[in-house]
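Participant:
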Amino acid sequence: MTSHLTDRVTGVFLLLFAIWYGYRTTLFKVSFMVDPVGPKAFPLILAILMGVLSLYLIIKPDPSPVWPGSATWIRIGLITLTFIAYAYLMVPIGFVLATTFEVTALALIFRGPLLKSLVGAFILSAALYGLFDMLLGLSLPTGLIFRGWWG
Amino acid sequence: MEILNFLFQGFAVALTPFNIMMALAGTFIGTAVGMLPGIGPVNGIVVLIPLTYALGLPPESSLIMFAGIYYGSQYGNSISAILLNVPGTSSAVMTALEGNAMTKKGRAGPALAMSAIASFFGGTVSVVALMLFAPALAKWAIRFGPAEYFALMIFAFSTLSSLSGKNLVKGLIATLIGLMLATVGLDPVSAVDRYTFGQLKLLDGLDFVVVVIGFFAINEILRYAENIHQDQEVFTKLGRVMITTKEFAMSFWTMVRGAAIGFFVGVLPGAGGTISSFVAYTTEQRLVDRHGTFGTGDIRGVAAPEAANNASANGAMIPLLTLGVPGSETTAVMLGALLGMNITPGPLFIANNPTVFWGLIASMYVGNILLLILNLPLVGIFVRILKVPGWFLMPAVVAVSFVAVYSVNNSPFDILLMAGFGLMGYLLYKMEFPLASVILGLVLGPLVENNLRRAMSLSDGDWTYLFSSPISIGLWIAAIASLFLPLVIKRFSAASTVADEMEEVELVEVD
Numbered sequence: 024m025t026s027h028l029t030d031r032v033t034g035v036f037l038l039l040f041a042i043w044y045g046y047r048t049t050l051f052k053v054s055f056m057v058d059p060v061g062p063k064a065f066p067l068i069l070a071i072l073m074g075v076l077s078l079y080l081i082i083k084p085d086p087s088p089v090w091p092g093s094a095t096w097i098r099i100g101l102i103t104l105t106f107i108a109y110a111y112l113m114v115p116i117g118f119v120l121a122t123t124f125e126v127t128a129l130a131l132i133f134r135g136p137l138l139k140s141l142v143g144a145f146i147l148s149a150a151l152y153g154l155f156d157m158l159l160g161l162s163l164p165t166g167l168i169f170r171g172w173w174g
Numbered sequence: 028m029e030i031l032n033f034l035f036q037g038f039a040v041a042l043t044p045f046n047i048m049m050a051l052a053g054t055f056i057g058t059a060v061g062m063l064p065g066i067g068p069v070n071g072i073v074v075l076i077p078l079t080y081a082l083g084l085p086p087e088s089s090l091i092m093f094a095g096i097y098y099g100s101q102y103g104n105s106i107s108a109i110l111l112n113v114p115g116t117s118s119a120v121m122t123a124l125e126g127n128a129m130t131k132k133g134r135a136g137p138a139l140a141m142s143a144i145a146s147f148f149g150g151t152v153s154v155v156a157l158m159l160f161a162p163a164l165a166k167w168a169i170r171f172g173p174a175e176y177f178a179l180m181i182f183a184f185s186t187l188s189s190l191s192g193k194n195l196v197k198g199l200i201a202t203l204i205g206l207m208l209a210t211v212g213l214d215p216v217s218a219v220d221r222y223t224f225g226q227l228k229l230l231d232g233l234d235f236v237v238v239v240i241g242f243f244a245i246n247e248i249l250r251y252a253e254n255i256h257q258d259q260e261v262f263t264k265l266g267r268v269m270i271t272t273k274e275f276a277m278s279f280w281t282m283v284r285g286a287a288i289g290f291f292v293g294v295l296p297g298a299g300g301t302i303s304s305f306v307a308y309t310t311e312q313r314l315v316d317r318h319g320t321f322g323t324g325d326i327r328g329v330a331a332p333e334a335a336n337n338a339s340a341n342g343a344m345i346p347l348l349t350l351g352v353p354g355s356e357t358t359a360v361m362l363g364a365l366l367g368m369n370i371t372p373g374p375l376f377i378a379n380n381p382t383v384f385w386g387l388i389a390s391m392y393v394g395n396i397l398l399l400i401l402n403l404p405l406v407g408i409f410v411r412i413l414k415v416p417g418w419f420l421m422p423a424v425v426a427v428s429f430v431a432v433y434s435v436n437n438s439p440f441d442i443l444l445m446a447g448f449g450l451m452g453y454l455l456y457k458m459e460f461p462l463a464s465v466i467l468g469l470v471l472g473p474l475v476e477n478n479l480r481r482a483m484s485l486s487d488g489d490w491t492y493l494f495s496s497p498i499s500i501g502l503w504i505a506a507i508a509s510l511f512l513p514l515v516i517k518r519f520s521a522a523s524t525v526a527d528e529m530e531e532v533e534l535v536e537v538d
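The listed protein sequences correspond, in order, to chains A and B. The opening residue of the first sequence carries number 24 in this note's numbering; numbering runs sequentially from there. The opening residue of the second sequence carries number 28 in this note's numbering; numbering runs sequentially from there.
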């Protein structure tokens, strides 16, 4: 028998979410009504529709998808960790270094060769910085640690 | 002759050196993102949105580039379909079927040439149709009030939900997720803050660039982690990229029918390149495939879907430009970009912004000529991009995404949000919730609520007002009827002889 667990769990989760989402509308501080429906009605309609559809999903679920094995989840976890690290590192160490680390790390996770990954990542990061920051005028972080050196 | 007059004005806009450059940049990027499996026109456009804001590009120039990416991707997606049997975007599924069969017979060159020529034909014919139909539709839609708009958006949601996934209920849930995400932030009418949890950064709402990049680029990286494939040997001996006059004559009416089918399917919200190329292919199979050569490398089997998917990209611009209601994820992202420039497309858009509209139309003629050049003599250059190994290409996509996400608010916080939406997008994708519906809900959310509330203000809170005009009643009926569309399409494909092959190919609209 095929499993339908994924959709059932998702349905329950969505149902709880819909209840919470609808409940939150009662906490909106509405001081005066500018229009007949106000800011609560639309979210409430969405919550009710979501509630009904999630019940349907619980009652008539699709067969569960083929979830990837643990190796993939480890890779996905590692990738997510690199994103979080990037968010905290990019301002202190600057776009070029942070992006070089990020691209190298991802390339290694995807089984790229170390040296090629590192060199490619550095060239790419420097090129992006040159194109977007220097040429096109977006402001990408230079890096706090380089502050004394230039600029 | 009013139209010719406007068109000349349009060419005056489109032929400035700067706008030619924008069209070239758009079509070039479009060909590249269209060709690379896993990324598509949505990625190309959304990454450039913060740049166009930062540079303060005029709306016509931005739109010329974005449209170039959209229709350019319909040229590019056939390159990988023909050479690798991997459609660059889902609308090249039928091209992969027929074009790769030609490659296996050593006829990659003619297949690529036919694809470029049919794309040019479909693209150009449909710009003519766009130019003729759009102003007329806009004039008709001027009488739309908030109740009609509300019904129209419901219609767009229901068609996209029923066509973009296997399970209608999941399509509707995906739409609701998008609408719920859109309610985050300050309510513009009453200034009440909703679902911000005291986070100042959320008061302006979730930035759709961050959400879309999470859903499309980051989700794609996580999917790549699932299956780190060995890179395929790219077939680069293309031979002569040309077709004979006999092949052209043989395919001429196929292209005409393909372009017509593509355009009209493209106009419908929800249905786009994938469905139109499938309908065009099966139509040709019935009409001209007398010797059963379709599926074995018949050049007309390349011409039909390629003419159709290009025509449908241009057809899809009609509801966006005349009604302000997009019917696909790519046009939804374009709407988001326009709203960010304080331009609200709608019936008055063409009349109020003639330079933007006619400049865009003129640039589409220019862009299709540029694409013909990029895809015939220069196709060899693009094929080299396919040789970039996946372990480097995917991280490079992430790096470009970071540039875009960071530039939205110059805030590293958005990188975290993006990562969160990337994971969410991956889970939704695995459970077959169509992401296109989430995006449409997210972009249209504020407009849906706004029109609903304006309608209620007009009627003093009487809900029956929503169903009080013939146009809105018609749209509500169409919205309900469209929920049954998948059944109709299933019957249509069951009757065709490629039904067996289509069982494996998912007829799902994602372009």
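Backbone N, C-alpha and C define an ideal beta-carbon position, used for all residues, glycine too.
Could you confirm whether any beta carbon from chain A is found closer than 8 Å to the beta carbon of residue 356 of chain B?
Facilitator: Residue 356 of chain B does not count as touching chain A.
Participant: How do the segment 107-115 of chain B and the segment 379-390 of chain B stand: do at least 3 beta-carbon pairs fall below 8 Å, yes or no?
Facilitator: No: the two stretches stay apart, fewer than three of their Cβ pairs being nearer than 8 Å.
Participant: Touch check for the segment 142-150 of chain B and the segment 391-401 of chain B: three-plus C-beta pairs under 8 Å?
Facilitator: Contact between the segment 142-150 of chain B and the segment 391-401 of chain B is present, because at least three Cβ pairs lie under 8 Å.
Participant: Mark residue 273 of chain B as exposed unless 16 or more other C-beta atoms lie within 10 angstroms of its C-beta, in which case mark it buried.
Facilitator: Exposed.
Participant: Please classify residue 162 of chain A: does DSSP put it in a helix, a strand, or coil?
Facilitator: It is coil, neither helix nor strand.
Participant: Could you check where the alpha helix (DSSP H) with residue 137 of chain B kicks off and where it finishes?
Facilitator: Taken as a continuous stretch (DSSP letters only), the alpha helix (DSSP H) holding residue 137 of chain B covers 135-168.
Participant: Can you tell me whether DSSP reads residue 30 of chain A as helix, strand or coil?
Facilitator: Here residue 30 of chain A sits in helix by DSSP.
Participant: Please report whether the beta-carbon of residue 457 of chain B lies at a distance below 8 Å from any beta-carbon of chain A.
Facilitator: Output row for residue 457 of chain B: interface = yes.
Participant: Which first and last residues belong to the alpha helix (DSSP H) in which residue 87 of chain B is found?
Facilitator: Note, residue 87 of chain B: alpha helix (DSSP H), 86-111.
Participant: State the CB to CB distance for the pair residue 209 of chain B and residue 472 of chain B, rounded to an integer number of angstroms; the pair is presumed to be in contact (CB under 8 Å).
Facilitator: That belief holds up - the Cβ atoms of residue 209 of chain B and residue 472 of chain B are roughly 2 Å apart, short of 8 Å.
Participant: Determine which residues share a DSSP beta bridge with residue 221 of chain B and list them.
Facilitator: The partner list for residue 221 of chain B (beta bridge, DSSP) reads B/212.
Participant: Starting from residue 472 of chain B, follow the alpha helix (DSSP H) in both directions and report where the run begins and ends.
Facilitator: Counting along the chain, the alpha helix (DSSP H) containing residue 472 of chain B begins and ends at 462-485.
Participant: I'd like to know if the segment 507-516 of chain B and the segment 240-248 of chain B are in contact, where contact means that at least 3 CB-CB pairs between them fall below 8 Å.
Facilitator: Cβ pair count under 8 Å is below three, so no.
Participant: For residue 44 of chain A, would you say it is in contact with chain B, using Cβ-to-Cβ distances shorter than 8 Å as the test?
Facilitator: Cβ-Cβ to chain B under 8 Å: yes for residue 44 of chain A.
Participant: Less than 6 Å between C-beta atoms, sequence neighbours within five positions excluded: which residues of the same chain meet that for residue 71 of chain B?
Facilitator: For residue 71 of chain B, where only same-chain residues beyond five positions count, the Cβ hits under 6 Å are 56, 60 and 96.
Participant: Taking a contact to mean a Cβ-Cβ separation below 8 Å, would you say residue 178 of chain B touches residue 355 of chain B in this structure?
Facilitator: For residue 178 of chain B and residue 355 of chain B, no; Cβs fall outside 8 Å.
Participant: For chain B, is any of its Cβ atoms less than 8 Å away from the one on residue 98 of chain A?
Facilitator: Yes, residue 98 of chain A counts as interfacial toward chain B.
Participant: Roughly how many angstroms lie between the CA atoms of residue 188 of chain B and residue 465 of chain B, to the nearest whole one?
Facilitator: Taking the straight line from one Cα to the other gives about 9 Å.
Participant: Relative to the C-alpha of residue 62 of chain A, which residue among B/130, B/212, B/139 and B/29 is closest?
Facilitator: The option with the nearest alpha carbon to residue 62 of chain A is B/212.
Participant: Could you tell me if residue 196 of chain B is buried or exposed, where buried requires 16 or more neighbouring beta carbons within 10 angstroms of its beta carbon?
Facilitator: Under this definition residue 196 of chain B is a buried residue.
Participant: Closer than 8 Å, CB to CB, is residue 130 of chain A near chain B or not?
Facilitator: Yes, its Cβ sits closer than 8 Å to a Cβ of chain B.
Participant: Straight-line CA distance for residue 353 of chain B to residue 346 of chain B?
Facilitator: Cα to Cα, the separation comes out at about 6 Å.
Participant: Within 10 angstroms of the Cβ of residue 174 of chain A, are there 16 or more other Cβ atoms? Answer buried if so, exposed if not.
Facilitator: Residue placement at residue 174 of chain A cannot be trusted, given a pLDDT of 46 that sits under 50; what the coordinates show is reported in the next sentence. Its Cβ having fewer than 16 others within 10 Å, residue 174 of chain A is exposed.
Participant: Chain A beta carbons: is any one of them nearer than 8 Å to that of residue 221 of chain B?
Facilitator: Chain A, which has a Cβ nearer than 8 Å to the Cβ of residue 221 of chain B, makes this yes.
Participant: Helix or strand or just coil, what does DSSP make of residue 511 of chain B?
Facilitator: DSSP places residue 511 of chain B in coil when its eight states are reduced to three.
Participant: Leaving out five residues on either side along the sequence, give the residues of the same chain with a beta carbon under 7 Å from the beta carbon of residue 161 of chain A.
Facilitator: Only 155 meet the Cβ criterion.
Participant: Given this structure, state the Cα-to-Cα distance separating residue 492 of chain B from residue 175 of chain B, to the nearest angstrom.
Facilitator: The straight-line gap from Cα to Cα measures roughly 10 Å.
Participant: Which residues, taken in chain order from the segment 464-495 of chain B, show a beta carbon closer than 7 Å to some beta carbon of chain A?
Facilitator: Those would be 476, 479, 480, 483, 484, 487 and 488, in chain order.
Participant: Does the beta-carbon of residue 96 of chain A have 16 or more other beta-carbons within 10 angstroms, so that it is buried, or is it exposed?
Facilitator: Result: exposed.
Participant: Using a C-beta to C-beta distance shorter than 9 Å, which residues of chain B count as neighbours of residue 91 of chain A?
Facilitator: Chain B residues near residue 91 of chain A: 252, 253, 254 and 457.
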